[in-house]
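**Q** Note that UniProt numbering has the sequence shown beginning at 1, numbered continuously upward. For each residue, glycine too, the CB sits at the ideal point set by N, CA and C. Here the structure is a predicted model, which means the values were calculated and not measured. Below is one structure. I have some questions about it.
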Amino acid sequence: MQHIILLHGALGSKDQMKPLAVELENKFQVHSFNFSGHGGRPFADTAFSIPLFAEQIAQYMHETGIAQAYIFGYSMGGYAAMYLAKHHPEKVNKLITLATKFHWDEKTAAQEVKMLNGKTIQEKVPAFAAQLQQRHAPNDWLSLLHKTSELLIDLGKQNALQLEDYTTITTPSLLLLGDRDKMVTLDETIAVYKQLPKAQLGVIPGTPHALEQANVALLAQLIKGFINEKA
1 MQHIILLHGA LGSKDQMKPL AVELENKFQV HSFNFSGHGG RPFADTAFSI
51 PLFAEQIAQY MHETGIAQAY IFGYSMGGYA AMYLAKHHPE KVNKLITLAT
101 KFHWDEKTAA QEVKMLNGKT IQEKVPAFAA QLQQRHAPND WLSLLHKTSE
151 LLIDLGKQNA LQLEDYTTIT TPSLLLLGDR DKMVTLDETI AVYKQLPKAQ
201 LGVIPGTPHA LEQANVALLA QLIKGFINEK A
């Protein structure tokens, strides 16, 4: 069977990929792992960055003996996979992203960082705070928020991938976006789609940003259709 790696987003974990993995396991050998600091995996010695997470994908592939794989990346996972495709194209057969935010500047980063205030989360959405604590134990979820905020601020100052960088990424890519996504805009997704030499674009109806609210069966169908498509 061919390998497919499923990548979670910021503040997520590999456990969120289980429903999708079930939909794909009859066609692929499905893999998933936690980025550092997520899902109980220890924090790395260095600050969070897209290059760091891309290197962790490559490290996972090396450790599991995977020379090349299909990759599905949700949100931040999609961005890390795209960075890997630029710098190590030989590792990525085809790439599918969902709800990946490609455009970052200081204003955008500041808006997103406001959503990562631990005290506010504890006061206004305590159920989410409890979920984060459970998902990332034994790590301190507040530390994870802080490190993620630093990542976004750094992206706002210097985006890991500039728009012109996508012209050199020749990996066949499918960019998916939910039509109810309030974090990622259609305009920024189309802008990247137009730069990629071998890209397709899909908008999924009735779908917000949260992966848990996506139609997993439909998502799996889109992934399988794209991978099985002849070049």
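Applying the criterion that 16 or more other CB atoms from any shown protein chain within 10 Å of the CB defines a buried residue, is Pro172 buried or exposed?
**A** Pro172 is buried by the Cβ-count criterion.
**Q** Below 8 Å between beta carbons: does that hold for Ile5 and His38?
**A** Going by C-beta atoms, Ile5 is not nearer than 8 Å to His38.
**Q** Measuring alpha carbon to alpha carbon, tell me which residue in Ala210, Leu24 and Thr168 is nearest Arg180.
**A** Comparing Cα positions, the closest option is Ala210.
**Q** Helix, strand or coil for residue 253, going by three-state DSSP, please let me know.
**A** Residue 253 lies beyond the range of the chain shown here (1 to 231); nothing can be said about it.
**Q** With DSSP collapsed to three states, give me the class of Ile169.
**A** Three-state DSSP puts Ile169 in coil, outside helix and strand.
**Q** Report yes if the C-beta distance between Ser49 and Asp154 is below 8 Å; otherwise report no.
**A** Their beta carbons are under 8 Å apart, which means Ser49 touches Asp154 by this criterion.
**Q** Under a Cβ-count criterion, where at least 16 other Cβ atoms within 10 Å of its own Cβ denotes burial, should His136 be classed as buried or exposed?
**A** His136 should be labelled buried.
**Q** Looking at C-alpha atoms only, which residue of Gly77, Tyr83, Tyr74 and Pro89 is the closest neighbour of residue 234?
**A** The structure shown does not extend to residue 234, since the chain is modelled only from 1 through 231, so no value can be given for it.
**Q** Which term fits Phe128, buried or exposed, when burial requires 16 or more other beta carbons within 10 angstroms of its beta carbon?
**A** Per the 10 Å Cβ criterion, exposed.
**Q** Which stretch, first to last residue, makes up the alpha helix (DSSP H) that contains Thr120?
**A** Counting along the chain, the alpha helix (DSSP H) containing Thr120 begins and ends at Gly118 to Lys124.
**Q** Assign Val125 to one of two classes, buried (16 or more other C-beta atoms within 10 Å of its C-beta) or exposed (fewer than that).
**A** Exposed, because fewer than 16 other Cβ atoms sit within 10 Å of the Cβ of Val125.
**Q** Comparing C-alpha positions only, which one of Ser149, Glu123, Gln133 and Lys91 sits nearest to Lys114?
**A** Answer by Cα proximity: Ser149.
**Q** Drop a sphere of 10 angstroms on the beta-carbon of Leu20, count the other beta-carbons inside from all chains shown, and report buried for 16 or more, exposed for fewer.
**A** Flag for Leu20 reads buried.
**Q** Between the segment 193-204 and the segment 160-172, do three or more beta carbon pairs fall short of 8 Å?
**A** Yes: the two stretches touch, three or more of their Cβ pairs being nearer than 8 Å.
**Q** Is it buried or exposed for Val22, if we count other Cβ within 10 angstroms and need 16 for buried?
**A** By the 10 Å Cβ count, Val22 comes out exposed.
**Q** Could you pull out every residue in the same chain whose Cβ sits closer than 8 Å to the Cβ of Glu164, ignoring the five residues on either side in sequence?
**A** Result list for Glu164: Gln195, in chain order.
**Q** What first and last residue would you give for the beta strand (DSSP E) that runs through Val92?
**A** First-last of the beta strand (DSSP E) with Val92: Val92 to Leu98.
**Q** Going straight from the alpha carbon of Ile71 to that of Asn93, what length do you get?
**A** Those two C-alpha atoms are separated by around 8 Å.
**Q** Between Ala85 and the rest of its own chain, which residues show a CB-CB distance below 6 Å, the 5 nearest in sequence each way excluded?
**A** Around Ala85: Val92, Leu95, Ile169 and Thr171.
**Q** To the nearest angstrom, report how far apart Val216 and Glu106 are at their CA atoms.
**A** Rounded to whole angstroms, Val216 to Glu106 spans 33 Å at the Cα level.
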